[in-house]
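Residues -19 to 185, numbered by this note's numbering, are exactly what the sequence shown covers, in order. Here a beta-carbon is modelled for each residue, glycine too, at the ideal position from N, C-alpha and C. In this text, all values refer to a predicted model and were calculated from it rather than measured experimentally. Worksheet: one structure, shown below.
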Amino acid sequence: MSYLPQLLTLAAVLLLACISPGPDFIAVTSHALASRRRGLGVALGVAAACVVWASLAMFGLGVLLVRISWLYEAIRVVGALYLIYLGAKLLLSARKSYGALTVEAVEGDTRFAPRIGLLVGLTNPKSAAFFGSLFVTVLPVGAPLWVQGATLAIVALVAGGWFTLVAYMFSAKRVRSLYARVRRPIDAVMGAILVGLGVHLAASR
């Protein structure tokens, strides 16, 4: 049996999901505007979170997690609080003077960047539902081991490739120069969006 159509469908749906603006996209872009390495680090963390969710879904744990209401609610609340925290940091940075900003292509503290991306990805409860439903719908039951390996590779390549591209785009010299001139409104808008997403996630059921 050929699994190529299912794998291609999975790749296409995942790419559309990655392109759709959300916490992952904003986390990558906001850090990439300040530092290319930070943006790439966050992108790596987000891609790793996608692989984790895909692995859980592959063993049916993603669907099980959604059905365990208290655990799902805990992840939802933690994710909401973390998004609000990230948004608040951006809102506070928007208050700094232009002279206090240093926009660099490769320098800066990048130690925590992958961790930030991983936390943003793992604390998004919608990822559990997305990967769980996607795998149940697309991949047939009892798929061989090589298909499961290929699926995880596709998730890593699609998510990692897209968010790496986003990090490079938003850390480009021209984009960063524009950002340095209009940093305050951009940080304010991105911070407000993250806070809004966090509040919406906290209020949703």
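Check                                                                                                               : Outcome
Helix, strand or coil at residue 184 [DSSP, three-state]                                                            : coil
Backbone secondary structure at residue 151 - three-state DSSP                                                      : coil
Cβ contact (3+ pairs, closer than 8 Å) linking the stretch 165 to 182 and the stretch 56 to 69                      : yes
Same chain, Cβ closer than 7 Å to residue 105, neighbours up to 5 away in sequence not counted                      : 52, 55, 56 and 59
Residue 163 versus residue 8: straight-line alpha-carbon distance, rounded                                          : 16 Å
Of the residues 40, 137 and 91, the one placed nearest residue -8, counting alpha carbons only                      : 137
Selection from 30, 0, -13 and 20 that minimises the alpha carbon distance to residue 107                            : 30
Boundaries (first-last residue) of the alpha helix (DSSP H) holding residue -11                                     : -16 to -1
For residue 103, three-class secondary structure by DSSP                                                            : coil
Residue 67, enclosing alpha helix (DSSP H) - first and last residue                                                 : 49 to 73
Between the CA atoms of residue 72 and residue 111 - distance to the nearest angstrom                               : 34 Å
Own chain partners of residue 26 with C-beta closer than 6 Å, once the 5 adjacent residues on each side are dropped : 4, 97, 101 and 143
Residue 178, DSSP secondary structure in three states                                                               : helix
Residue environment, residue 167, which counts as buried when at least 16 other CB atoms sit within 10 Å            : buried
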